[in-house]
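Engineer:
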Amino acid sequence: MLDEPAPALFGEYRHPHTNRWAETVASFDGFVFVTPEYNHSAPGALKNAIDFLFAEWNNKAAGFVSHGVHGGVRAVEHLRQVMTEVQVANVRTQVALSAFTDFEITDPARPGMITPGPHQEPTLVELLDEVIAWSGALRTLRHQVAAA
Numbered sequence: 102m103l104d105e106p107a108p109a110l111f112g113e114y115r116h117p118h119t120n121r122w123a124e125t126v127a128s129f130d131g132f133v134f135v136t137p138e139y140n141h142s143a144p145g146a147l148k149n150a151i152d153f154l155f156a157e158w159n160n161k162a163a164g165f166v167s168h169g170v171h172g173g174v175r176a177v178e179h180l181r182q183v184m185t186e187v188q189v190a191n192v193r194t195q196v197a198l199s200a201f202t203d204f205e206i207t208d209p210a211r212p213g214m215i216t217p218g219p220h221q222e223p224t225l226v227e228l229l230d231e232v233i234a235w236s237g238a239l240r241t242l243r244h245q246v247a248a249a
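Heads up, the working numbering is the position in the sequence shown plus 101, with the first residue counted as 1.
1) Use the C-beta contact count for Q195: other C-beta atoms within 10 angstroms, 16 or more gives buried, fewer gives exposed.
2) Note the first and the last residue of the continuous alpha helix (DSSP H) segment covering V177.
3) Once DSSP output is grouped into helix, strand and coil, what is the label at P217?
4) Name the DSSP bridge partner or partners of P137?
5) Cα separation between F129 and I233?
6) Grab me the residues of H168's own chain with a C-beta within less than 6 Å of its C-beta, minus the 5 sequence neighbours each way, in chain order.
7) Between A163 and N120, is the Cβ-Cβ spacing less than 8 Å?
8) Along the chain, where does the beta strand (DSSP E) containing T194 start, and where does it finish?
9) Kindly indicate which three-state DSSP category A146 falls into: helix, strand or coil?
10) Mind checking who F204 pairs with in its DSSP beta bridge?
11) At what residues does the alpha helix (DSSP H) containing H118 begin and finish?
12) With H, G and I counted as helix, E and B as strand and the rest as coil, what does DSSP make of G112?
13) Nearest-angstrom Cα distance between V226 and N159?
14) Does at least one heavy atom of the ligand MG sit under 7 Å from the Cβ of V170?
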């Protein structure tokens, strides 16, 4: 769990694992999060990973691929709010994979096999195009902030 002594907003990371995570996130212009839905939200581990950092997320773009009984849409609703708080632009298009139609599950105790319907591919392409476009559009802002 989050174990830095100061809030991420200050960027005073003391632990090697936080510095490695900060370098990794800082190296990307945009993100596609793939997340399940747990208890009508995103998994705690994902929320914790986001909360570890602040400036490294700023002025980038994110898209979401979710899965669950209801396609994971409630997890993404929460993630959109969290990502907005760390200044990440959320693209509109979302891939929502239903446990009933986009997975082949033969044993509820086993993960199953992803078998997305044909309608998911154009949605994924649209999502990726949006993340690329928004990431590029925000590049100038990222560089202006970094130079300041």
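We treat Cβ as the ideally placed atom computed from N, Cα and C, and that holds for glycine. Because the structure is a prediction, the values reported are computed rather than measured.
Structural biologist: Reading from the atomic positions:
1) The residue in question, Q195, is buried, as its Cβ has 16 or more Cβ neighbours within 10 Å.
2) Per DSSP, V177 belongs to the alpha helix (DSSP H) from 174–186.
3) Note: P217 maps to coil in three-state DSSP.
4) Answer by DSSP bridge pairing, in chain order: H168.
5) Approximately 11 Å, taken between the alpha carbons.
6) Only P137, L198 meet the Cβ criterion.
7) Cβ distance not < 8 Å, so A163 and N120 don't count as in contact.
8) Element bounds for T194: 189–199.
9) In the structure shown, A146 sits in a helix (DSSP, three-state: H, G or I).
10) DSSP lists I215 as the beta-bridge partner residues of F204.
11) Looking at the DSSP string, the run of the alpha helix (DSSP H) that includes H118 is 117–127.
12) Coil at G112, not helix or strand.
13) Rounded to the nearest angstrom, the two C-alpha atoms are 24 Å apart.
14) The ligand MG is absent from the structure shown, which contains no ligands of any kind.
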